[in-house]
Structure formats: C-alpha cells, structure tokens
Amino acid sequence: MRNIRLFIVTLTGLFFFIIPLHGQNPVVIGNARFTFYSESLVRLEYAEKGAFTNDSTLFATNRNPTYGNISLEDKGNKRYEIRTPGMRISYHADGFPFGQMNLRVYFDHTGKEKMWYMASEQSSNLGGPVSTLDGVGSRIPLQEGLLSRDGWYAIHDTGKELLQNGWLANRSPQHIQDVYLFVYGNDYKKALRDLQCVSGAVPMTRKYVHGSWYCRWWNYTADDYRDIVREYKEHDFPLDILVFDMGWHTQKEAVTGTGHAGMHGWTGYTWNEELIPDPASLIRELGEQGINVVLNDHPHDGIRAHEKMYPHFMNALGVCSENRKEPLFDAGNREYMNNFLDFAHGESDSMGIAFWWLDWQQDYVYPHVRGTNMKHLPWLNHLYFNHSKKNNLRGAGFSRWGGWGDHRYPIQFSGDAVGNWDVLQFQVELTATSGNAGCFFWAHDIGGFFGGNNAELYTRWTQFGLLNSSLRIHSVYDENLDRRPWKWGKETEDRLRNLYQWRSRLMPYVYSSVWQAHSQMLPLNRPLYIEYPTEKEAYENPQEFLFGDILLSAPICKPIDSLGTATQKVWFPADSDWFDLFTHKKYTGGQECFVNSDLDNFPLYVRGGYPLPMQIYTPRMSNTPLEELVLRCYPGRINRKNSYVLYEDDGISMNYTKGEQAFTDISYERREKGISICIKAVQGTYEDQPRKRSYRIELPAMNQKIRIAKSSHTSAKLKRSDKIQGYELIIPSSSINRDIRIDLSE
C-alpha cells in the first residue's frame, strides 16, 4: 500500500489514528486486503505473506476500481475500522483468515443497522436462475440470486481459477479467501449496478437474436428448409433465425467416443451432404432473404477420424493423422482448443453461419476441465462467445447458464423441458428471478421440448414467449410434434399469428430495453420488487413481471374453464394507471384484480402516460429500417410528464462501443384540457441510419373529442380510430434532425 498520512488525535489520554485515504483503494492491513468497488461493494481478500492477486476470474473482471470515499481508523491493539458512506467494517488483524470473530460489516437496511459476518446465512433470498431445465416437468428449486430481503449477498470466488494471459490458471495455495460482499438494503438497482462494477456489463446482443426463431430436432433437407421459410412467408409469420439441429452434420459415420443417449453421432462437424448437398449455397440463399442460420454443436467428442477436417486438425497439433490417434476433447489445453475452434467451426463460419448453439451436456461423464476444478460449461461459454467476436461482430452465445459471470455471454438456452402447465408456470417465475443474477436473456423452448401436444397450452406459452428475450420454438425428434404455428389448426394459427406480429411491432421497444439492460443492468424481464422494493405486493406475485419499463404482464398458466376463460390475479402498481394492450381497458393503479382472459388475449398492460415505441409489422423485425415510428400513448395522469428514450444502432457490430448509436427522447404530457407530445431530434449516428422518418402516434382509450391546437409539423393530421378506441396522429416523413411537438386540446 502506498504511503498515507497519519493524523494522531488525543482523546481521554488514549491515542488512535484516523487515516483519510483520499481515494487510495485497496486498503491493506497485514494479510488482509479490502478492495472497494463502490460504497456498497467490497472485495474481502486474505492471503499469506500478502500474496494477493489482481488476475481476473470468470466472475471478477474489473481489477481496477476507482471508488475513493474511504477512511481507515486505527483503534489500537490491531483493531481497525474502515468506512464508506454505505458500510462500516470492523476488523481485528489477529493473524487468522476472516472468520466468525475477527470481521464484522455494518450497513443500513431500511433505517436499521444490520451486521454481516463470515457465518451469516441468507434467510430471504429472492431467487435466481437454474443451470438447465433438461428433463424438468415441474417446479424445481431456484439457485440464489444477488437480491435478497436480507439486504446483502456474498459471492464466494475463493479458489476459483484465474485468467492469466487469457487462459485458466490455478491460484497460489497462499491465496486463502476471496469474497465479494454486496450490501444494499432494499436498493436492488444498486446491487445490480455493483455487479456490473466487478463483473462487467451485459453486452449488447445482436439484434436479430430477439426476433423469431424456428428450431426442431429433425433431419431436414435443404429443400425442407427452403419450404419452411416459404411457409413462414405464405402464412405471414415473421422469421429471423433458422436453427439447424443435429441433422446438419454426419452422424452414422461416428463409431468412437464417449457418446450420449446411446449413440456416437451427437458430435459432428462434417456437413451431411446427403441432406444438404451445397450448404454454402443454402446459407447464402437464406442470408439474402434476411434469415440467419445457427448450427447445433455437441463438442464433447472433439474432432474424430471420420471428420473431413481431421487430418488438417491433427497436422496443426503436430500429430500424424495416419495412425488414427484421436485426441480426447481437452478444453483446458490452449493449443487444442484454438485449433479445435478453427477447424471444427472454420468451414461453416466461412459459409456465413450466424453463430453456434453450444448444446453441452456431457459434464456427467467427465465434469471438469482437465487440471482444474472448473466445470466445462462456464469455460466453454467463455471460449465460444469470444471466438464469435470476429470481423467486428458482437459476440453471440447460445448455451445453458454457467453461473456467476455468465451474463457476459448471452443469450442463455434453458434446456429440454417438458411441455406442461406446471413448467410454463415455473418458467414465468424463473425468467423474472434469473435477472437477479444477471441472466437477462433466456431462450426457452416455447411449448416445451418434450410433449405439450395441446393447442391451448401452446397458445398460452406463445403469449408468454411474446415477452421473452426471443420468440423461439423447438421440439424433440418426434414426427407428431412440430411447432410451426400453422400445423395446429386454423384458430390456433390465427391467434399465434397475432402474437408473432405483435412481437415484430414491439421490436423498437424490445431493443431499447436491451440497451437499458446493457447500460443500467436492469433485467428485460423484471420482478416487481426491483421497481417497488417497499411494496409488499411486489414480493407476493411471482406470476407477474415487468417487461422493460412500460409493459406489465401476468401470463395465463392454466387451462380455460367451462366458460372459455382463465382467471389470473394481477397487482397494478399505484404509480400509474395501466391499460390492457388488446382491449384498451383501464385499470387504476394501487389495486389487485382477478382478470379473466379467453384464448385471444392475456393479461398484458401498458403504463399510462408513457410513449411506447413500435414499428409497423415486418416479417424481418430485426433488420427492417425504422422509417416509420409508431408511438402508442395511453392516457396519463393529469399534470404529469413522462419520457422514454428510443435506442438504435446497426444491430450487429461492435461500433456501438465507439459511439455509433442514436437516441431519441420522446415525451408525453397530459394537462387538464390537452396533451403535448414531443419527439426530440435524434442524437447520434450509425451506419445505414434512416435520415428521414414518419410517425404514427396512437392515442387509444380516448372518448372525448380532441383537435390539433399547435404543431411544429404543418402536415400533421388527426383522425378517429375505432380500432384503438381513440385517435391516430399522422406525421409525414421528415428529417430525423428536427424536433417535433404536437399540442392537442379538447
């Protein structure tokens, strides 16, 4: 530790030392090091002979915190007190690691001082994600998340492997303890910001991953895939991603390896040209239609002798391939993994596939990366995501949840769940609580992977899927189970089409909410207590969540009754009025209601008084230029002005990190006898940004007559719309660099 000034103060004949640290961080006392990431997050590190480490781990990536409002008081007899505005640490440097006797941390929790020490246990954790839903048919216990009604959480990184020169390394045995203590009371947003401080932000995803996916485990031919894309168009469903499951690669040729589920063919990297004779041409053809191709990958048996790239891979490893000596998959070997990713993925990457689905399942065979105590999954997620960041592309992960720090490799695949009502209900709760650990973007198998041959259940699951990070369908290898929406009867097809098209229309809001997750560490699917930590109802309604700032939902997770409806309890927070997106019915905030929904709708509400940014329906929701912005504004409360920021960028590159992005501030204000809507000039630019834009402002749930009183755009027109039970304000295309303000009066 650098030299510090000592101030000696005399009090009743005793001496003690107050040491204002003036920004010096960390604080070192003997073999203990205290590193402060904020006033409410401290790293507690104990190492013999002061052998501290500044190397990263898969959880902790920031080793240079800048927080500086710290003071140290020497109280004599090797006792010290360290303070920030958010905590007080009492430490006795007794020569032992942190234990039950020598360390106490005090902090404020709702006006009362609470104490934490090394033996403290969670009593009221609010839950987190799970690693996978493979084979799950009912609710299972949640892992712990960062947020707790105890007001604190400790992440133990003790003994976890380090990252040295970009690769795994074991710690020195002298490094004994490494604990991150978060103390936040009920300020859950602070806790999530602190997670970002130490573990990094959730990165911006590629925009198309938040669109519509088709996936099915089936041995499709190239023409089958062409037919699927054609059918999506003919039935008027949007599509952004087409996933090729295991059938894309050869399977029966594999005769060696550990195998899985009774066969050797799970791992494979040679295209099955009997099914897909010209994969490069097919991928190019799909790309020209705006369809992104994703390939399934079970890498546990590595590259074996039957693979086309095997001799080149072996030569790169310096091993003669003629003796057919197949090296075991070795995720801990840098040379092996670098060559594996280059040769296993290189050919398909060069064809233009979007990214790989890491469908890892083999930790039951040999669970740990060789030479370490680390499970394969988090390490492979790290390697695959980083390998995907080529040619200035954003990283793209698609894999099961790997634990603390895995939020940096979105999006997450929740696994092969059973299709039933219990699992649907559990997924609603899981999707919201997962954000408590930074797992913001789940890609569920909508309808379930196994079973779920029930049109009503599938409809309800799709309603929930409308409000997921992606609208993704998938199912098991079963000739009787295909989740293409038009295969479930005309009524179901029509209902699902409406939901899919709503997803397309909501994409500007979804993507702006993704930016909010990146920049503010606020989950896309948000449990109510994050926004309302002092309201008891926020903790009592796990069936309900916020989707971004403006949408509130409580999806139906049970069958309809004899009257053709299902009932759901909904708590409406008091800070706003809420409006049904489908019927435009108003619900006054501050009440609980039991809402009845038939199969054509479900409980989905818009916060009154906020502009909800949307687009017109497009079958390629993620890459169609936003040349017409639709703003839906339900009535707000009198004399209240609310704003929302539309976020835009190119949707795929890393240029957003260089400032190539655009923000549009949009506000809505309701007065006693009128409404004002303001769309500020767009701030910022990015490649292929539309330079002109038209606007359609929807004003639903308005029965009173209104007129344009004042407008900065002389061509604006107001017309009545019975469809939305209100008005539409049409503003012709003009430069995005001008402010637009419309005043309406009754």
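The numbering used here puts the first residue of the sequence shown at 385, with every later residue one more than the last.
Backbone N, C-alpha and C define an ideal beta-carbon position, used for all residues, glycine too.
All values derive from a computational prediction rather than experimental measurement.
query: So I1059 is in the beta strand (DSSP E); what residue range does that whole segment cover?; result: G1058 to I1063
query: Is it the case that the Cβ atoms of M905 and L576 are separated by a distance below 7 Å?; result: yes
query: Comparing alpha-carbon positions, which option in D518, T756 and M502 lies nearest F797?; result: D518
query: What number of angstroms, rounded off, separates the C-alpha of S1118 from the C-alpha of D608?; result: 43 Å
query: Please list the terminal residues of the continuous alpha helix (DSSP H) segment that includes N722.; result: R718 to M735
query: Please report the distance separating the alpha-carbon of I960 from that of P995.; result: Position check: residue 960 holds Ser in this sequence, whereas Ile was assumed. So the two alpha carbons sit approximately 13 Å from each other.
query: Under the rule that 16 or more other beta-carbon atoms within 10 Å means buried, what is L428, buried or exposed?; result: buried
query: Starting from K1103, trace the beta strand (DSSP E) both ways and give me its first and last residue.; result: K1101 to S1105
query: Quick check on this structure: which residue in K874, N852 and P869 has the alpha carbon closest to the alpha carbon of L936?; result: N852
query: Does the segment 1008-1019 come close enough to the segment 866-879 that 3 or more CB-CB pairs lie under 8 Å?; result: no
query: What does the Cβ neighbour count give for Q847, buried or exposed, with the cut at 16 atoms within 10 Å?; result: buried
query: For M1038, tell me which candidate among T589, W805, Y572 and W740 has the shortest Cα-Cα distance.; result: T589
query: Please list the terminal residues of the continuous alpha helix (DSSP H) segment that includes G849.; result: A839 to G849
query: Checking 7 Å against the spacing of the C-beta atoms, do V567 and F491 come in under that value?; result: yes
query: Measure from the alpha carbon of E1032 to the alpha carbon of each residue in E1056, V1066 and E1053, then state which is nearest.; result: V1066
query: Starting from Y1031, trace the beta strand (DSSP E) in both directions and tell me its first and last residue.; result: R1024 to E1032
query: Hey, would you say K1057 sits closer than 7 Å to S1129, going by beta carbons?; result: yes
query: Going by C-alpha to C-alpha distance, which of L666, I1126, Y694 and C599 sits closest to S1060?; result: I1126
query: Would you please state the rounded distance, in angstroms, between the beta carbons of W788 and A821? I believe it to be under 8 Å.; result: 7 Å
query: Pull up the distance between the alpha-carbon of L814 and that of Q527, whole angstroms please.; result: 10 Å
query: What residue from W845, N461, W826 and Y1018 has the CA that sits closest to D806's CA?; result: W845
query: When you compare only the Cα positions, how much space is there between L880 and Q927?; result: 22 Å
query: Under the rule that 16 or more other beta-carbon atoms within 10 Å means buried, what is E691, buried or exposed?; result: buried
query: Would you report the Cα separation of K969 and S504, rounded to the nearest angstrom?; result: 48 Å
query: Use the C-beta contact count for K1107: other C-beta atoms within 10 angstroms, 16 or more gives buried, fewer gives exposed.; result: exposed
query: Can you list, in chain order, the residues of its chain with a C-beta nearer than 6 Å to that of R792? Leave out the 5 residues immediately preceding and following it.; result: G584
query: Entirely within the segment 839-905 and at least 3 residues each: give me those beta strand (DSSP E) ranges in chain order.; result: 855-857
query: Just reading off the alpha helix (DSSP H) that L670 is part of, what are its end residues?; result: P663 to E672
query: Note down, one range per segment and in chain order, each beta strand (DSSP E) of at least 3 residues found wholly within the segment 444-484.; result: 455-460, 463-468 and 471-476
query: Would you please state the rounded distance, in angstroms, between the beta carbons of I560 and G595? I believe it to be under 8 Å.; result: Actually they do not touch by this definition, with Cβ atoms about 48 Å apart.
query: Whose CA, out of L487, C823, G643 and K459, lies closest to the CA of P587?; result: C823
query: What three-state label does DSSP hand W763 in the structure shown?; result: helix
query: Would you check if the segment 437-450 and the segment 462-476 touch, i.e. whether three or more CB-CB distances between them fall below 8 Å?; result: no
query: Check Y1018 in the structure and name its three-state DSSP category.; result: coil
query: Note down, in chain order, each residue of its chain lying with its Cβ closer than 6 Å to the Cβ of N757, except the 5 sequence neighbours on either side.; result: none
query: Leaving out five residues on either side along the sequence, give the residues of the same chain with a beta carbon under 6 Å from the beta carbon of I473.; result: I466 and V489
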